[in-house]
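Step one of this worksheet: look at the structure below.
2 protein chains.
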Amino acid sequence: MHFTSEQRLDDGVREREFTLGEIPGVLWTPASASPAEPVPLILLGHPGGLRKMYPRLAGRARHSAADGFAAATIELPGSGERPLWTAVEDARADLRRAIKAGEPVGDEIIDALVLPLVEKAVPEWQAALDALLALPEIGGRVGYSGGVISIGTRLAVVEPRISAAVLFAGSFVPRAMFDEARQVTVPLHVLLQWDDEGNDRQAALDLFDAFGSEEKTLHANLGGHTGVPEYAGEAAARFFTRHLK
Amino acid sequence: MHFTSEQRLDDGVREREFTLGEIPGVLWTPASASPAEPVPLILLGHPGGLRKMYPRLAGRARHSAADGFAAATIELPGSGERPLWTAVEDARADLRRAIKAGEPVGDEIIDALVLPLVEKAVPEWQAALDALLALPEIGGRVGYSGGVISIGTRLAVVEPRISAAVLFAGSFVPRAMFDEARQVTVPLHVLLQWDDEGNDRQAALDLFDAFGSEEKTLHANLGGHTGVPEYAGEAAARFFTRHLK
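Residue numbers (the numbering used here), protein chains in the order written: chain A, 9 to 253; chain B, 9 to 253.
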């Protein structure tokens, strides 16, 4: 992990860009974080494209920092400045074609789009976690927050350092993930935008039903994909404070 | 409205039992409530049987009082110490029979059970509201919190003094109520216990979908009918603080 830039935001949050091998990422730590007072960490998931997603990610990170958490994200394989991934690009093109034609999005498109992403991204998130937890100012529990919901689900299954997860329903879910969902046992807080255009509400409800966790909560709010109301973000923050501190 | 008893609870909350005509009820006001500082009111809905429900209702009322709200409830028609209502008793017996036999609960049973209750209970809640708002220590906005969800829905449609509602999914919903739900416009916070035995989860989701409110939130939590987790109660309390203060 190499830090490539550093700045202080106006609220005192320390923002550092880094690369992990060829993967770019960003780490935000609250002003208070130090080797003497390490802070727990939230991994910020997203649908890919760090530059485009930066304003929303930084906003979530600054809220997390205000609650006493470090937050970090990495670029997804095939997105942003990372090398184009032809197989996933082809699946994306198939998806757009199906949606434009008003056709149902078939399982084979969803599988081709999401499963390779999960396979490749999850070990990258784990490598990032290794590097982040080696920093002296970060310590304690780890949460995952965001989409892609299949990445968050797999990570919650295979990575014992994840103690709790806030998952954003809003991406297509391969059938295979429903079985994986049953193996999730950490506390879950699932956000569902009720009118998310291009998202399958029933699949999100079915996935919520499938999760094996003893504590799981679904917060559904009116509005589209990016319209998560402020109070829903605050509820998710309280969930992390309950489980990571 | 005649007060029939009064006591101070250990947290300073003033608890008064009253009768409104032949309807028994209970009013809880925070220690701070006075004609100089009137407090907003939350009507506490329940499935009937004030004595049996008292511990849970008083618990909810004391939480509301701690947040600066008065809370009040009245007995439902045909429940508790009120005269037996043969028609509704017959429908309840039919319902129990159907459930015991493992049969689907037909629309005619649900209609016979719930619609007369809504017809009779809603004007009683409105009369109680008249009397409660005439008290000098109560003033400001009014919320409705609880079940029966069809009563809360009708009240939200016909009673303009209701500014926001927390509705507990967990009772059978007549088909006619889905049309009424579309007429609801106040902010809604719907609580759904995901594994509520004897409750139709899909009907609850359909009703949530039908509500016409621009702000509506569904909080689904794991567990049965009476297993609403403490953090879900706190989230509902924050909803009222946002909308009634």
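Every residue gets a Cβ at the ideal spot worked out from N, C-alpha and C, and that includes glycine.
Per DSSP, reduced to three states, the secondary structure at residue 210 (chain B) is helical. Comparing C-alpha distances from residue 79 (chain A) to each of A:90, A:54, A:164 shows the shortest one belongs to A:54. Going by DSSP, residue 224 (chain B) is part of the beta strand (DSSP E) stretching over 224–229. The closest CA to that of residue 174 (chain B), considering only B:167, B:184, B:194, is found on B:194. Under the 8 Å Cβ criterion, the segment 180–199 of chain A does not count as touching the segment 64–76 of chain A, having fewer than three qualifying pairs. Sequence-distant Cβ neighbours of residue 224 (chain A) in its own chain, meaning closer than 6 Å and more than five residues away, are 196. The beta-bridge partner set that DSSP reports for residue 25 (chain A) consists of A:13, A:34. Taking the Cα positions, residue 214 (chain A) is about 26 Å away from residue 156 (chain B). Counting C-beta pairs with one atom in each stretch, the segment 233–245 of chain A and the segment 198–213 of chain A have three or more that are closer than 8 Å, which means they touch. Not a single CB atom of chain B sits nearer than 8 Å to the CB of residue 37 (chain A).
By the Cβ criterion, the segment 87–101 of chain A is not in contact with the segment 23–41 of chain B, since fewer than three pairs of Cβ atoms, one from each stretch, lie closer than 8 Å.
In the same chain as residue 112 (chain A), and ignoring 5 residues on each side of it, the C-beta atoms closer than 8 Å to its own belong to 106, in chain order. Taking C-alpha positions only, residue 38 (chain B) is separated from residue 117 (chain A) by approximately 58 Å.
For a Cβ distance threshold of 9 Å, residue set 223, 224, 225, 226 of chain B lies close to residue 229 (chain A), ordered along the chain.
DSSP lists A:153, A:197 as the bridge partner or partners of residue 174 (chain A). Closest in alpha carbon position to residue 12 (chain A), among A:252, A:35, A:94, A:20, is A:35. Rounded to the nearest angstrom, the gap between the Cα atoms of residue 120 (chain B) and residue 182 (chain B) is 9 Å. Listed along chain A, no residue sits closer than 8 Å to residue 177 (chain B) by beta-carbon distance, the nearest being about 12 Å off. Residue pairing from DSSP places residue 81 (chain A) in a beta bridge opposite A:34. Partner residues in the beta bridge of residue 47 (chain B), as assigned by DSSP, are B:146. Chain-order list of chain B residues neighbouring residue 250 (chain A): 239, by C-beta distance under 8 Å. For residue 243 (chain B), the nearest CB of chain A lies under 8 Å from its own CB, placing it at the interface with that chain. Considering only A:253, A:82, A:40, A:42, the residue with the shortest C-alpha distance to residue 9 (chain A) is A:82. Annotated three-state conformation of residue 52 (chain B) is strand, per DSSP. The beta-carbon distance between residue 185 (chain B) and residue 158 (chain B), rounded to whole angstroms, is 5 Å. This is short enough to meet the 8 Å contact definition. The alpha-carbon of residue 85 (chain A) is positioned some 28 Å away from that of residue 220 (chain A). Residues of the segment 202–216 of chain B whose Cβ lies closer than 8 Å to any Cβ of chain A, in chain order: 202, 213, 216. Taken atom to atom, the span from the alpha-carbon of residue 45 (chain A) to that of residue 165 (chain A) is near 29 Å. Around the beta-carbon of residue 234 (chain B), fewer than 16 other beta-carbon atoms lie within 10 Å, marking it exposed.
In the assembly as shown, residue 179 (chain B) is a buried residue. Its beta-carbon has 16 or more other beta-carbons within 10 Å.
For the options B:122, B:21, B:91, the alpha carbon positioned closest to that of residue 41 (chain B) is the one of B:21. Counting along the chain, the unbroken alpha helix (DSSP H) around residue 130 (chain A) starts and ends at 115–141.
In the displayed model, residue 167 (chain B) falls within coil according to three-state DSSP, outside both helix and strand.
In the structure shown, residue 160 (chain A) adopts helical secondary structure according to DSSP, grouped into three states.
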